[in-house]
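Take a look at the structure set out below.
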């Protein structure tokens, strides 16, 4: 048996917005509370990376978990941390809220 390397799939902002709107995606925002207070993603669950524990991710109830942050770096870190705990959450919002706003 070989260990599969963890991978993170990049999702475009327009695809994530559509997935949230039609109930396919659960967005996990890993930015810090002060960042979220300044501007928030709609309907996101906030789990700051500074205290991130993959066991705090709510049951996605069949939805795909998508991590998001400001620029796309912390969301990759969160996805890899979740995968390291054996969770199948391998998607993130490419470009973060910067790409979200641009879209």
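Residue numbers (my numbering): 31 to 133. Even glycine gets a Cβ: it sits at the ideal position worked out from N, Cα and C. Here the structure is a predicted model, which is why all the values come from computation and not from measurement.
Thinking residue i and residue j are a contact (beta carbons under 8 Å), I'd like their distance in whole angstroms, please.
{"i": "residue 119", "j": "residue 109", "result": "6 Å"}
{"i": "residue 57", "j": "residue 74", "result": "4 Å"}
{"i": "residue 127", "j": "residue 100", "result": "5 Å"}
Compare the beta carbon distance of residue i and residue j with 8 Å and say whether it is the shorter of the two.
{"i": "residue 38", "j": "residue 59", "result": "no"}
{"i": "residue 94", "j": "residue 54", "result": "yes"}
If I measure Cβ to Cβ from residue i and keep anything under 8 Å in the same chain, skipping five residues before and after, which residues do I get?
{"i": "residue 62", "result": "78, 79, 80"}
{"i": "residue 47", "result": "130, 133"}
Excluding the five sequence neighbours on either side, which residues of its own chain have a C-beta within less than 7 Å of the C-beta of residue i, listed in chain order?
{"i": "residue 125", "result": "43, 101, 102"}
{"i": "residue 89", "result": "none"}
In the DSSP output, which residue or residues are listed as bridge partners for residue i?
{"i": "residue 98", "result": "59"}
{"i": "residue 121", "result": "39, 96"}
Might you give, ordered along the chain, the residues of its own chain that have their beta carbon closer than 6 Å to the beta carbon of residue i, omitting 5 neighbours on each side?
{"i": "residue 72", "result": "none"}
{"i": "residue 40", "result": "124"}
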